[in-house]
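A short worksheet on the structure shown next.
Protein chains: 2
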Amino acid sequence: MTNQAVSKDQRPTTADRILDAAEDLFAEKGYSATSLGDVADRVGIRSPSLYNHFKNKEALYQAVLERLLTEFSAPLAELESGPVTNDRVFYWLETIVRQHHANPNLARLLQHAALSGGPHTGELIDRLFRPMFEPRAEIEGASISLFENTGLQPWAVMAFNNLVMSYVTMAPMYGELLGLDPFSEEALEKQLSLIKTLLRAVFEYKGA
Amino acid sequence: MTNQAVSKDQRPTTADRILDAAEDLFAEKGYSATSLGDVADRVGIRSPSLYNHFKNKEALYQAVLERLLTEFSAPLAELESGPVTNDRVFYWLETIVRQHHANPNLARLLQHAALSGGPHTGELIDRLFRPMFEPRAEIEGASISLFENTGLQPWAVMAFNNLVMSYVTMAPMYGELLGLDPFSEEALEKQLSLIKTLLRAVFEYKGA
DNA sequence: TCAGGATGGGCGATTATTCACATTGGTCCG
DNA sequence: CGGACCAATGTGAATAATCGCCCATCCTGA
Numbered sequence: 015m016t017n018q019a020v021s022k023d024q025r026p027t028t029a030d031r032i033l034d035a036a037e038d039l040f041a042e043k044g045y046s047a048t049s050l051g052d053v054a055d056r057v058g059i060r061s062p063s064l065y066n067h068f069k070n071k072e073a074l075y076q077a078v079l080e081r082l083l084t085e086f087s088a089p090l091a092e093l094e095s096g097p098v099t100n101d102r103v104f105y106w107l108e109t110i111v112r113q114h115h116a117n118p119n120l121a122r123l124l125q126h127a128a129l130s131g132g133p134h135t136g137e138l139i140d141r142l143f144r145p146m147f148e149p150r151a152e153i154e155g156a157s158i159s160l161f162e163n164t165g166l167q168p169w170a171v172m173a174f175n176n177l178v179m180s181y182v183t184m185a186p187m188y189g190e191l192l193g194l195d196p197f198s199e200e201a202l203e204k205q206l207s208l209i210k211t212l213l214r215a216v217f218e219y220k221g222a
Numbered sequence: 015m016t017n018q019a020v021s022k023d024q025r026p027t028t029a030d031r032i033l034d035a036a037e038d039l040f041a042e043k044g045y046s047a048t049s050l051g052d053v054a055d056r057v058g059i060r061s062p063s064l065y066n067h068f069k070n071k072e073a074l075y076q077a078v079l080e081r082l083l084t085e086f087s088a089p090l091a092e093l094e095s096g097p098v099t100n101d102r103v104f105y106w107l108e109t110i111v112r113q114h115h116a117n118p119n120l121a122r123l124l125q126h127a128a129l130s131g132g133p134h135t136g137e138l139i140d141r142l143f144r145p146m147f148e149p150r151a152e153i154e155g156a157s158i159s160l161f162e163n164t165g166l167q168p169w170a171v172m173a174f175n176n177l178v179m180s181y182v183t184m185a186p187m188y189g190e191l192l193g194l195d196p197f198s199e200e201a202l203e204k205q206l207s208l209i210k211t212l213l214r215a216v217f218e219y220k221g222a
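Sequence order for the protein chains is A and B. Number 222 marks the last residue of the first sequence (our numbering); no jumps. Number 222 marks the last residue of the second sequence (our numbering); no jumps.
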């Protein structure tokens, strides 16, 4: 939240403040349950003023989505820029966990889209998930024997991705059960160590 | 969906048909994005008729939730009725995976509630998750060494639960990536074998 | 002076909810 | 057996609130 404008101006432009507010609200309530009145209230303006910056509600949503997608696309591109080794998978996983922890809104937006299967989902699939399932993404080296001939590897990719994203979308509900604010620094460390442990267990597992 | 009335009548009552329709719609769109007109249309009546069976929209939602919670509460109660061994954890996990696969609506409803953090979440926590985190739920036997002194065990419980539920809420989005209808029999087997493999890797993992 | 941005007012559509009324099926009574 | 009652259920019309969106107007800073 509170993404800053890139220019060296000190104050973010109105359009950016609208994007910030809309991002939070779309992520929390979903597209149709978010009213432009709510967005305007949060920015501190009246709702007709929004139309000075965005054509309509749908365009505002698209702009929010665009900003989030570019923000999150870097790590995966980086991973694919070289050979996919165990170490680099670890590093990539840690990066996206930290990224979703720092800004949970993309995961939440994605979850809303997946649930209501709206028209936005197609683009999300192509830009976020498709690259992960390219044949390119096979893990090199013989170190991963667990899913070798089972056809389960794409399913494992999906599972680990779900694990990262559902932490963001579900953890708030577990908050008091765990006795820890899920978005605290301490919780981040715990979730990182859990996920890395799982990944290590997968990598080092030698058949039954 | 299409939960049948328990009585030996052949035709489900109108109230049940309303519950069926509302369950699907609430699960898909969430509470506020679901209109009573949509529900009525799906049942084949006019929206004012709904008020002959439920006091208002909120009461309808509560009734849907109640029916789902009782439907899903059996397996966990069963698990807790005896010593928690590895084998019984496997069996429990398989049972709830099959259950969510057969009716994805509880997971979807839960995800909506978690995202918008509405007033419904408290009850859900208490009735579904709290039991899993009771001290009772420690796994007996020395076979699980992975999380022994790390304090990660509740986090692992959350992680596996997220894994099961996010399959239901996210898999439709992966559908074409996996090349398989996520709710087909074949996909169920794949997801079962993946989750059991992960659990086995966790159980059998012996330190770093 | 002028353009970008904010505003109040208002329009048409949708929503949850209410209410008076029609229809129905079954039960009781003569 | 027939008709009178009744409770349950469905319906159209209407209401108040909210929503996305448009427009004429106004303010302000360069």
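All residues carry an ideal CB built from backbone N, CA and C; glycine is no exception.
- For His114 of chain A, no chain B residue has a Cβ inside 7 Å of its Cβ, as the nearest lies near 13 Å away.
- Using a Cβ distance threshold of 8 Å, His114 of chain A and Val178 of chain A count as a contacting pair.
- A straight line joining the alpha-carbon of Leu64 of chain A with that of His134 of chain A spans about 22 Å.
- Assigned with DSSP and collapsed to three states, Arg60 of chain A falls in coil, not helix or strand.
- Between the segment 204-211 of chain B and the segment 140-148 of chain B there are fewer than three inter-stretch CB-CB distances shorter than 8 Å, so the stretches are not counted as touching.
- Classified as buried, Pro196 of chain A has 16 or more neighbouring CB atoms from the shown chains inside 10 Å of its CB.
- Here Gly51 of chain A carries a helix assignment [DSSP, helix/strand/coil].
- One thing to note: Tyr188 of chain A has its Cβ within 8 Å of the Cβ of Met172 of chain B.
- The beta carbon of Ile110 of chain B sits closer than 7 Å to the beta carbons of Pro89 and Val178 from its chain, once the five residues preceding and following it are set aside; these are given in chain order.
- Straight-line spacing of the CA atoms in Leu138 of chain B and Gly96 of chain A works out to 45 Å.
- Within the segment 137-215 of chain B, the complete alpha helix (DSSP H) runs of at least 4 residues fall at 144-147 and 167-192.
- In this chain, the alpha helix (DSSP H) harbouring Pro89 of chain A covers Lys71 to Leu93.
- Counting C-beta atoms within 10 angstroms of its own C-beta, Ala91 of chain B has fewer than 16 neighbours from the protein chains shown and is therefore classed as exposed.
- Between the C-alpha atoms of Val182 of chain A and Glu190 of chain A there is a straight-line separation of about 15 Å.
- The Cβ atoms of Met184 of chain A and Asn117 of chain B do not sit closer than 8 Å to each other.
- Note that the C-beta distance between Leu33 of chain A and Ala77 of chain A is below 8 Å.
- Near chain A, meaning a CB-to-CB distance below 9 Å, the residues of the segment 96-128 of chain B are Arg122, Leu124, Gln125, His126, Ala127 and Ala128.
- Under the criterion of beta carbons closer than 8 Å, Ser46 of chain A and Ala47 of chain B qualify as touching, at roughly 4 Å.
- For Arg31 of chain B, the enclosing alpha helix (DSSP H) starts and ends at Thr28 to Lys43.
- At a beta-carbon threshold of 7 Å, the residues of chain A lying near Lys43 of chain B are Ser130, ordered along the chain.
- The Cβ-Cβ distance between Glu200 of chain A and Leu192 of chain A does not fall below 8 Å.
- Pairing Ala215 of chain A with Val216 of chain B gives a Cβ-Cβ distance under 8 Å.
- Among the residues of chain A, those whose CB is under 9 Å from the CB of Arg144 of chain B are Leu191, following chain order.
- Cβ-Cβ distances below 8 Å link Ala128 of chain B to Thr135 in the same chain, with the five nearest sequence neighbours on each side left out; the list follows chain order.
- Identification of chain B residues near Leu177 of chain A by a Cβ-Cβ cut-off of 7 Å yields Ala173, Asn176 and Leu177, ordered along the chain.
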